[in-house]
Every structure is written in structure tokens, then in C-alpha cells.
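One structure is given below, encoded as C-alpha cells.
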Amino acid sequence: MKIAVVFALFFVSFAYSAPVEENDCLSLYSNKLCTAYDSLEKDIDKYAYGGYNNIDFLTNALRAKLDFLVSWQLLNKVPLVGDKLHEFVSNNQDLIIGVLNGGISALMRLVPQLLLFAG
């Protein structure tokens, strides 16, 4: 058991010591994809002057991010569950976004859908 703890601590310290680059998009994805995401971020930053208290702004920003993920099919690249995750997000965008406005009742509608997805 002590050996497992030592290995766990070693891996945690190794993970924290690895440098993380701030903007590493171009090394992972194409230039076209990175440019599209940067323009999306600039559009969101332009309308974010009121902070995060505006639910309509958050709803529109989340819709834009989900549309971006679905249109570029980035969710397909998630190992093991990528295809199903892409299908779930593309079919349930309004339900996912409704959690921001609906609170706990919308979350209760989303949970059974997630359980069906996982099962």
C-alpha cells in the first residue's frame, strides 16, 4: 500500500511539474480550426462587458460553443465515447442550454437523457 501511495505522489508531482503552454491550438489542430475558435472567442469577449450575470449572454455563448464543437466534429475525437457524445450533444443542444435558464428542473430533465446516453 505504501508503494502505491509513493507512486501516486510521484505521478502527481510529475503532472504538476510538466509545463503547459497557454495557446497550443496550432500544434494540435489545423490553422482554419484555430482561427474559427479565436474569432468565436473574440465575439464572446466583445459582448461580455456586463459580466456573467446576463443569462441571455451565457445562453448565446454556450450555443455558439456547442455549434462550434458539433460543426467541426471535435467531440468525435474523444476516445471510446466520441461518436455517441457527438450525437448526444447535437441532438440535445436545447436541453443542455436550457439548464442555464431552467435551473434544477432543467437539470432533472437532462439527467435521464445522460443516463440513457451512458447506458
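Each residue of the sequence shown is one higher than the one before, counting from 4 in my numbering. We treat Cβ as the ideally placed atom computed from N, Cα and C, and that holds for glycine.
Would you mind working out which of the options sits nearest residue i, comparing C-alpha positions?
{"i": "Ser74", "options": "Ala21, Lys35 and Ala11", "result": "Lys35"}
{"i": "Phe91", "options": "Ser33, Ile107 and Pro115", "result": "Pro115"}
{"i": "His89", "options": "Gln76, Val9, Ala109 and Tyr32", "result": "Gln76"}
{"i": "Leu98", "options": "Ser16, Leu117 and Tyr19", "result": "Leu117"}
{"i": "Glu44", "options": "Ala64, Leu113 and Phe10", "result": "Ala64"}
{"i": "Leu69", "options": "Ser20, Ala7, Arg112 and Gln96", "result": "Gln96"}
{"i": "Asp27", "options": "Cys37, Tyr19 and Ala21", "result": "Cys37"}
Give the range of the alpha helix (DSSP H) segment to which residue i is assigned.
{"i": "Asn104", "result": "Gln96 to Gly105"}
{"i": "Ser33", "result": "That residue, Ser33, is in no alpha helix (DSSP H); it is neither H nor E in DSSP."}
According to DSSP, simplified to helix, strand and coil, what is residue i?
{"i": "Ala11", "result": "helix"}
{"i": "Asp70", "result": "helix"}
{"i": "Val81", "result": "coil"}
{"i": "Ala121", "result": "helix"}
{"i": "Leu116", "result": "Inspection of the sequence shows that residue 116 is occupied by Gln rather than by Leu. Note: Gln116 maps to helix in three-state DSSP."}
{"i": "Asp59", "result": "helix"}
{"i": "Met4", "result": "coil"}
{"i": "Ala18", "result": "helix"}
{"i": "Leu27", "result": "Sequence check: residue 27 is Asp here, not Leu. Of the three classes helix, strand and coil, the one that applies to Asp27 here is coil, per DSSP."}
Taking 8 Å as the threshold (C-beta atoms), are residue j and residue i in contact?
{"i": "Tyr144", "j": "Phe71", "result": "This structure cannot settle anything about residue 144, because the visible part of the chain is limited to 4 through 122."}
{"i": "Ile58", "j": "Leu103", "result": "yes"}
{"i": "Phe120", "j": "Lys87", "result": "yes"}
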